[in-house]
Amino acid sequence: MSVPSGPSTRLIHHPYTPPVGFNAPQPGVFKASTVIFPSVAALQARNWKDKGGYTYGLHGTPSTFLLEERIATLEGGRDTLLVPSGLAAITLVDMALLQSGDEVLIPDNAYGPGKELARQELSRWGITHRFYDAMNTDALAAMISPATKLVWLEAAGSITMEFPDLPGLVRVARSRGVLTALDNTWGAGLAFNAFDLGDGLGVDISAHALTKFPSGGGDVLMGSVTTRDTELHLRLKGTHMRMGWGVGANDVEAVLRALPSLSLRYAAQDAASRVLALWWQRQPQVSQVLHPALEGSAGHAHWKHLCSQAAGLFSVVFDERYPRDQVHAFIDKLKLFKLGYSWAGPVSLVVPYDFAVIRPASAWRGPLVRFSIGLEDVQDLQDDLAAALRSSFG
Ligand SMILES: Cc1ncc(COP(=O)(O)O)c(C=O)c1O
């Protein structure tokens, strides 16, 4: 073919390729929908099942493969799939493993939108669900029926922070031949190894909201699903592929950039959170501080048995004699703590919850406030809390 003369063609099909072998601490970013095959034979021989090659941007680029491998290593698994959010990770597991007539068991203190997914979508598709008391292994054993195909786990539980007997729950599910999936966002692959809980026990699937600690910036939404068993991975991967759940290269880049500081941030946020949780225990307005690393918190012994660390996250229950409005006024007075959902980013966050909505069966009554501790200096955070408490409670 003659040398193209049109300006667009000359730019689009420019012959220069940079030399290979460029090396730098941060990996390159690869963006693609189309992946170019060298020949029809190569296109026809494409294989989506492993990382032996590339087929289409949705199913893998060097950037997504790299992040998948790093998350698999972080979690102690073998294979990881990336999805557009932590909630999408939960959805992927449910959609890949359940069908009409099946039942899924979900902890009553699980992440709320995952429960809502079961109430709304799964039930429309003929998949039933029941919520179990995550602190009662026998209760789970009694609930498993021939229809039960999946048991969700979460440690610590969302908002109320109970730490379950994870190995005990896994043992029960495994003894009945039921798959287990853990929402591992709190542990982040650091506080404990979900695939190795001791005594040869481990979860089958770890779902992780990379939005939280792995991103660390409060500026990315992403999730992952990690497994050790190849067959199970391929089941999940098939659904992942057919649902078209891709992630953007810029977001992948942001998470790859944040991973080297993950364990430092997790430890710093853990340390600051414990200082503040202990401070809250000394405040007379509060009847209970919910943090699994504190003596007296639900499941503290299970946390101690399994974990070396804790996420920078806790809740406080105000004494029920205080009206909700007074607690809301306290929140509105905070300057450094920002009012908003999510956690594990650099900015400390606060959200009020109503037990009547999140845990209608709970014995607690007082207003609950959840704190996510960021990376600010802990004394400044404590001063912020103290000032807001003084001005709203006197
Ligand atoms: C425990 C837990 N799992 C999953 C999610 C969902 O993550 P995302 O916000 O990325 O959908 C969240 C979000 O707050 C969470 O707290």
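In terms of my numbering, the sequence shown opens at residue 1042 and continues consecutively.
From the three backbone atoms N, C-alpha and C, an ideal C-beta is built for every residue, glycine too.
Computed from a prediction, not measured in an experiment: that's the story for all the values here.
Nearest candidate by alpha-carbon position, reference residue i, set the options
i: Val-1213; options: Ala-1129, Gly-1230, Thr-1189; result: Thr-1189
i: His-1170; options: Ile-1147, Pro-1401, Gly-1279, Gly-1257; result: Ile-1147
i: Leu-1305; options: Trp-1286, Gly-1386, Thr-1102, Gly-1287; result: Gly-1386
i: Gly-1101; options: Gln-1085, Leu-1123, Ala-1086, Val-1081; result: Leu-1123
i: Phe-1106; options: Leu-1426, Gly-1069, Leu-1158, Leu-1139; result: Gly-1069
i: Ser-1356; options: His-1346, Ser-1104, Trp-1405, Ala-1309; result: Trp-1405
i: Leu-1207; options: Ala-1248, Thr-1280, Val-1244, Trp-1321; result: Val-1244
i: Met-1176; options: Glu-1361, Asp-1424, Val-1327, His-1341; result: His-1341
8 Å contact criterion, which residue i and residue j should meet: CB distance rounded
i: Ser-1432; j: Lys-1374; result: 5 Å
i: Leu-1223; j: Glu-1195; result: 7 Å
i: Asp-1120; j: Thr-1267; result: 7 Å
i: His-1343; j: Pro-1205; result: 6 Å
Span of the beta strand (DSSP E) around residue i
i: Trp-1193; result: 1189-1195
i: Tyr-1307; result: Run containing Tyr-1307: none in the beta strand (DSSP E); it sits in the alpha helix (DSSP H), 1303-1322.
8 Å Cβ cutoff met for residue i and residue j
i: Gly-1029; j: Phe-1236; result: In the structure as shown, the chain starts at 1042 and stops at 1435, and residue 1029 therefore has no counterpart that could be examined.
i: Leu-1422; j: Ser-1389; result: yes
i: Val-1211; j: Leu-1191; result: no
i: Arg-1400; j: Asp-1174; result: no
i: Leu-1317; j: Ile-1414; result: yes
i: Lys-1072; j: Ala-1290; result: yes
i: Asp-1311; j: Gly-1353; result: yes
i: Leu-1139; j: Leu-1158; result: no
i: Val-1392; j: Leu-1377; result: no
According to DSSP, residues forming a beta bridge with residue i
i: Glu-1294; result: Partner(s): none; Glu-1294 has no beta bridge.
i: Ser-1247; result: Leu-1223, Thr-1267
i: Phe-1412; result: Phe-1355, Val-1391
i: Gly-1239; result: Leu-1242
i: Val-1327; result: Phe-1359
i: Glu-1144; result: Thr-1169, Thr-1189
i: Asp-1120; result: Thr-1268
i: Leu-985; result: Outside the displayed span of the chain (1042 to 1435) sits residue 985, for which this structure offers no information.
Residue interval of the alpha helix (DSSP H) (run including residue i)
i: Glu-1361; result: Counting along the chain, Glu-1361 falls outside any alpha helix (DSSP H), and DSSP gives it neither H nor E.
i: His-1346; result: 1341-1347
i: Val-1398; result: 1396-1399
i: Gln-1513; result: The structure shown has nothing for residue 1513, since the chain only spans 1042 to 1435.
i: Val-1211; result: 1207-1216
i: Ile-1053; result: 1048-1053
i: Met-1136; result: 1127-1138
i: Ser-1338; result: Per DSSP, Ser-1338 belongs to no alpha helix (DSSP H) and is neither H nor E.
Any C-beta of chain D under 8 Å from that of residue i
i: Leu-1223; result: The structure shown has no chain D; it contains just one protein chain.
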